[in-house]
Each structure stands twice: as C-alpha cells, then as structure tokens.
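Undergrad: The structure is given below, and queries will be raised subsequently.
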Ligand code: SF4
Ligand code: SF4
C-alpha cells in the first residue's frame, strides 16, 4: 500500500485496495482474562483465588475472577505469572485452581483445590484495558550501570537503544484520526476474534500515543499470538498479537495507510534518569530504529526491538488471509473513540489519610420505634415482605413509605436492608 500510494496516488489507490491489514505483536502488560469457574459442590463464594499459584483478583462475584497478566507467582516469582497462565490455558494445559472463602449460609464451602482446563470454564474473556499503543518511546541508558526495564536490558553509557511497536505496520499509525477504528470494531486479538470496546487507559491522541481497550473470547485464541514472558528484573507480561483491518473508504484513509517508518518519529528517552519526565536524547524515526543502529552524538548505537516485527507482519498476513477467505468480516465502529486529549501525570495531593464514609443506619427520632431513610432507600421492597406489622408500604409508583407508628419493634427488618436505610429501637 505504501508503494502503491507513492506510485499512483491516494485517489487511485482507493479503487485498487479495499482493505489494509495491520498488525502488532509486543508486550502488553495491561492485559488479563475474566473467568467464570462455574459453581462447585457445595458452592463457594471464593474470596481469594490462585491459578498455578498466581493470584487472581476476587473483588467480584462468587466464582468470577480477573487474572492479570503481570501478577507474579507466589512460588516462582516473576519467572512465572499471569501471562504464562493465560498462555498455558490457551495451549490446553491443565491449571491448578486453588480458592479460599470465609463461608456463608448460601456458599458454605471454604476451600477448593482442583485441576481445570480452558474448556471447563463458563467464560474466559480476555479484557485488556490498554493495548496496541500507536507508537512507543525508545529507550537508552546514560548511567554507568546496566538497567533492567520494561524496555528490556539497557547497557551502560548509552550502549544500546531498545524500542517497541510495529511502526508503519502499527494499527493506530495507519488510522491516526481513528476514522475506522472505534467502539465495536472487530479485530484479530491473540489470533481469535476480538473487539475494540473503547479507548485504552492513558489514551493520548493529542501526543500521538493513542491506545485501545479490547476484548475477545480466549477460547478462540492461539498460543502463537499470545505468549507469557518475563522481562528480567522487571516482571511478568503477556505478548499479545493484534491485527486490525482498515477499510480504504476514501483518499484520506489511503493516504494515512501509506505512512512509512521514516515518517514516524518518536522520542528516545534516557532511562538513566529515574523520573517520569525523562530527558529526551533526540527524536528518532522508526526507520532508523529498525535499521539496526541510531546516531547518538558521534556514536552509532545498536538498536533492538522488544516487540516482534516478524510476528506483526505474520498477523497482518493472517488477517488478510482470513478476510479473503470470508472468515473475518469487517465492522464499522458503533461509536467513535476520543480524538482529542492528553494522558496526565498523577495528581499527588498531600494526605494524612482520608476517612472512610461508612453507611451507618439513620438515627431514630424521639418517640418513634423505626426510622426509614429515603435518602438511602433504593425502593427494592425487601422490607415490605418481611415486616409482619405492615410498616412498609409500596405505592403504585413503586415508592416505599414507612408508617412508623405501626412498628412493634420485632426487629425482623433491621438487618435485611442492604442499604442500611432502616433503624429500629430495640
Ligand atoms: S429494604 Fe431498604 S432499600 Fe429496600 S425498600 Fe426497604 S428500606 Fe428501601
Ligand atoms: S421492627 Fe418489625 S414491626 Fe418494626 S418495621 Fe421492622 S419488621 Fe416491621
């Protein structure tokens, strides 16, 4: 496409190319999988869960959990983690599921240790808050010691430069105005079908660093395009392959897809400065980065990509083949992504600790037995069915009212309200 647009121009290219496929394959730490394990016998409200000794987030319903790609193993540290568990599941390998619970009347079980496979799960939904960066800053290191970073191993005295991203093959570089990539766009995610569900976290279109939030069924994915990995002395990550088709709807889109590595500039940061505002050594193009060396001062410094250019191309080719075979159909976005805005640094306000606002029950007015807070009440009606004295009443509009004078102080209602909207004098 790059060559064609140069040769015949963007207007003519529209008639010759229907779709440009793009691809990227690199470390995408903001990745993970929502899982539903199904209910055990007896059932259990899992409060903590581990998969192969890697803890998953359990601040959700009884047998749902989110396994984050960067979570390290409690046994093997960063040599094995969430990204590796995800790859093992996709490979069809058995995984040890261990869970703890405090036990409730409806979920009495307190512990569990079983073997599961991907096919056993009700759902395994890859849900990645930030993938597919438009481009990445490159990295070098001015200090006298080797640094181990998320940009890989950086040799002392600017002995090397690392970079990431697919440059001219990068999906968001080929549609920087986000005209065809938006909410609902069907994509190739980990070799399976996925969707763009929104802009990614730290989405920063004003600075040319847009990102995507994506989702897809893990069960359709392939370990060829999903790899758990460890960045030495940094942590666990997941290499994710993403391919996005860009329909060539007009000359502007054709022009955008003709972008070349030499036109894509990115800052080369000095990771030797331990600050979020790292000094920029110089601007470099992806063409220079991919050439094998960049010039820093008088030196030719070797470069290396931490993402895979070969895999990115394979993804773009795979997507092309799937489209040509009619197995992958394109969708238009149902809603656009933000095309303006900049990711901001953290606001670090001084604090001595912010007190928690507990949902305490309402006070009971003098001479009354029961108090009902309309501010708290969500009008569910639980109390109406429990009160034998008919204190609570639901009107035709669904509003709950309280006739306090009827209360016999039996206490049945007081612990039933989930919103702490009822107090009883007992
Ligand atoms: S149980 Fe609580 S929230 Fe529900 S209707 Fe009664 S007071 Fe309102
Ligand atoms: S204490 Fe008993 S009688 Fe009074 S409102 Fe609650 S359920 Fe009704």
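In this note's numbering, the protein residues as written are 13 to 438.
From the three backbone atoms N, C-alpha and C, an ideal C-beta is built for every residue, glycine too.
1. Straight-line CA distance for residue 360 to residue 51?
2. Starting from residue 271, follow the beta strand (DSSP E) in both directions and report where the run begins and ends.
3. Please state if the CB of residue 230 and the CB of residue 331 are separated by a distance shorter than 9 Å.
4. Please name the residue in 205, 192, 126 whose C-alpha comes closest to that of residue 137.
5. For residue 191 and residue 385, I'd like the C-alpha separation in whole angstroms.
6. At which residues does the beta strand (DSSP E) containing residue 98 begin and terminate?
7. Secondary structure at residue 69, three-state DSSP: helix, strand or coil?
8. Got a sec: does ligand 2 put a non-hydrogen atom nearer than 8 Å to the Cβ of residue 423?
9. With three or more C-beta pairs closer than 8 Å as the rule, is the stretch 243–254 touching the stretch 39–50?
10. Counting Cβ pairs closer than 8 Å, one from the stretch 180–198 and one from the stretch 102–120, do we hit at least three?
11. How far does the alpha helix (DSSP H) with residue 147 in it extend, from its first residue to its last?
12. If you follow the alpha helix (DSSP H) that residue 335 is in, where does it begin and where does it stop?
13. Taking any heavy atom of ligand 1 as the mark, which residues have a C-beta closer than 7 Å to it, listed down the chain?
14. Assuming residue 282 contacts residue 154 under a Cβ cut-off of 8 Å, what Cβ separation, rounded to an integer in Å, is found between them?
15. Taking DSSP as the reference, what is the three-state secondary structure of residue 187?
16. So, using beta-carbon positions, are residue 68 and residue 74 closer together than 9 Å?
17. Buried or exposed for residue 425, please, with buried defined as at least 16 other CB atoms from any protein chain shown within 10 angstroms of its CB.
18. DSSP has residue 314 in a bridge; who is on the other side?
19. Heavy atom of ligand 2 less than 8 Å from the Cβ of residue 436, yes or no?
20. Assuming residue 44 contacts residue 140 under a Cβ cut-off of 8 Å, what Cβ separation, rounded to an integer in Å, is found between them?
21. Taking residue 395 as the reference, give the member of 176, 97, 371, 433 with the closest Cα.
22. Got a sec, what are the start and stop residues for the alpha helix (DSSP H) residue 16 sits in?
23. Answer with buried or exposed for residue 96, where buried requires no fewer than 16 other C-beta atoms within 10 angstroms of its C-beta.
24. Pick out the complete beta strand (DSSP E) segments inside the stretch 378–435, 3 residues or longer, and give them in chain order.
25. Using C-beta distances below 6 Å, list every residue in its chain close to residue 410, excluding the 5 sequence neighbours before and after it, in chain order.
26. Thinking C-alpha only, which one of 399, 437, 389, 421 is nearest residue 431?
27. I'd like to confirm something about residue 209: is its beta-carbon nearer than 8 Å to some heavy atom of ligand 2, or not?
28. Determine whether the beta carbon atoms of residue 274 and residue 297 lie at a separation below 9 Å.
29. In this structure, what does DSSP give as the bridge partners for residue 296?
30. From 422, 393, 263, 176, pick the residue whose C-alpha is nearest to that of residue 406; which is it?
31. Determine the DSSP secondary structure at residue 229, reduced to helix, strand or coil.
32. Which residue from 235, 170, 265, 266 puts its Cα closest to that of residue 294?
33. In whole angstroms, what separates the C-alpha of residue 26 from that of residue 270?
TA: Let's see:
1. 42 Å
2. Looking at the DSSP string, residue 271 is not in any beta strand (DSSP E), and its letter there is neither H nor E.
3. For the 9 Å CB-CB criterion, residue 331 and residue 230 do not form a contact.
4. 205
5. Approximately 49 Å, taken between the alpha carbons.
6. Under the DSSP assignment, residue 98 falls outside any beta strand (DSSP E), being part of the alpha helix (DSSP H) whose first and last residues are 94–102.
7. strand
8. yes
9. yes
10. The stretch 180–198 vs the stretch 102–120: no contact.
11. Here residue 147 belongs to no alpha helix (DSSP H), and DSSP marks it neither H nor E.
12. Start and end: 321–336.
13. 384, 388, 389, 390, 391, 392, 393, 394, 395, 396, 404, 412, 428, 429, 430, 431, 433, 434
14. 5 Å
15. coil
16. no
17. buried
18. 305
19. yes
20. A Cβ-Cβ distance of about 7 Å is found for the pair residue 44 and residue 140, placing them in contact under the 8 Å criterion.
21. Here the closest residue by C-alpha is 433.
22. It spans 14–28 - the alpha helix (DSSP H) in which residue 16 sits, taken as one unbroken run.
23. Answer is buried; the Cβ neighbour count reaches 16.
24. 382–384, 404–406, 412–414
25. Excluding residues within five positions, the ones whose Cβ falls inside 6 Å are 391.
26. 389
27. no
28. yes
29. According to DSSP, residue 296 bridges with 278.
30. 393
31. Here residue 229 sits in strand by DSSP.
32. 170
33. Counting only the Cα atoms, residue 270 lies some 12 Å from residue 26.
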